[in-house]
Structure formats: C-alpha cells, structure tokens
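Undergrad: 12 is the number of the first residue of the sequence shown in the numbering used here; add one for each residue after it.
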Amino acid sequence: MDDQITETFKKCQIPVENAQTGKHLVELLSGTGDTVITTLIHKFEAAVNRAHDGFDSPDIFVLVDEGHRSQYGTFNIKMQKVFPKGCFIAFTGTPLMKKEKSTANRFGGLIDVYSITDAVEDGAVVPLLYEGRHNLIEVNENH
C-alpha cells in the first residue's frame, strides 16, 4: 500500500517523499519543501507521539484511506492536535452512518459519491443479478 500511494503521486509528476519511520515523517514535515509526504498509519502514530508542538500550516492535507476504520478514537484527536489547521479528507467504500460515528460528519461532509451504479457503468464491477425463490418443503414424521 505504501509503495502504491507513492507511485501514484509520482505518476502525476508531483514531488513525493515516502516517510520510512515516524522520526523520518517528523523530519519531512519540519522541512520547508513543497512536497507530498506519504506514510502508513502506524508510522504516522509514531510521528504524532514525537511532534509535541504540532504543525500549524494550513497547507497540510491529510488523506485518510479507509476513513471509517481508524478515526473514531484517541488517535484522531491526536492527529487533530498535531495538525490543527490541516485539511482531513477520508476515502471509504463503506462509510459509517450512525449518529455517533458518521464518516461524513467526522470529515465535514461528502466531496463526491461513487455509487455501485457508477462502478457498473465504468466496468469496475459486474451487476449483481438476484432472483428470490421460495421452495416448498414438506416435512413428515419419517423424514
């Protein structure tokens, strides 16, 4: 996943750095360059614990894959503290819809919706065809 994200940004001809450790992530964030920094959540957590002062630039965008999974506990609170002016954008195929755990509410609403109809039209998935049937089954004392 880490390499896939990095390579995707490289294909867009955008400068990209891959943080190898939490310490490396803090070093990259402390730099002055305009670059995309990629990392995975476990490295990010180590960086959050190291970055006590936080990074208050409004030019920080945090892209969260599978946003419905990792953003409802103390870790999200820490991330918000470290990036108080950051823009958090989540991607999810299965958003949480409960009042207390709403992916859209956590991240400020929907930017776009890619529906199953869109996926079928794009050829990304095949349509699901379902025909419900009832079978009559007789049960007697012998069987």
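Don't be surprised by glycine CBs; every beta carbon is placed ideally from N, CA and C.
#1: Starting from Val93 and walking both ways along the beta strand (DSSP E), at which residues does that stretch end?
#2: In chain order, what residues of the same chain lie with their CB nearer than 8 Å to the CB of Val47, ignoring the 5 residues before and after it?
#3: For Gln82 and Glu56, what's the separation of their Cα atoms in angstroms?
#4: Is there contact between the stretch 81-97 and the stretch 122-134, where contact requires at least three CB pairs shorter than 8 Å?
#5: If I follow the unbroken beta strand (DSSP E) through Asn29, where does it start and stop?
#6: Buried or exposed, going by whether 16 or more other CB atoms sit within 10 Å of the CB of Lys34?
#7: Residues in the same chain with beta-carbon distance under 7 Å from Glu77, minus the five sequence neighbours each way, listed in chain order, please.
#8: Give the range of the beta strand (DSSP E) segment to which Asp133 is assigned.
TA: This is what the structure holds:
#1: As a first step, residue 93 must be located in the sequence shown, where it is residue number 82. No beta strand (DSSP E) contains Val93, which is instead part of the alpha helix (DSSP H) from Thr85 to Val93.
#2: Within the sequence shown, the letter at position 36 stands for residue 47. If we look at Val47 and ignore the five residues flanking it on each side, its Cβ neighbours are Phe20, Ile25, Pro26, Val27 and Glu28.
#3: Numbered from 1 along the sequence shown, position 71 holds the residue referred to as residue 82. Numbered from 1 along the sequence shown, position 45 holds the residue referred to as residue 56. Those two C-alpha atoms are separated by around 12 Å.
#4: No, the stretch 81-97 is not in contact with the stretch 122-134.
#5: For this step, residue 29 is matched to residue 18 along the sequence shown. Run containing Asn29: Val27 to Asn29, per the beta strand (DSSP E) assignment.
#6: Counting from one through the sequence shown, the residue named residue 34 turns up at place 23. Looking at its Cβ environment, which holds fewer than 16 other Cβ atoms inside 10 Å, Lys34 is exposed.
#7: As a position in the sequence shown, residue 77 is number 66, starting the count at 1. So the qualifying residues of the chain are Thr103.
#8: Counting from 1 along the sequence shown, the entry for residue 133 is found at position 122. It is not in any beta strand (DSSP E) - Asp133 instead sits in the alpha helix (DSSP H) that spans Ile127 to Asp133.
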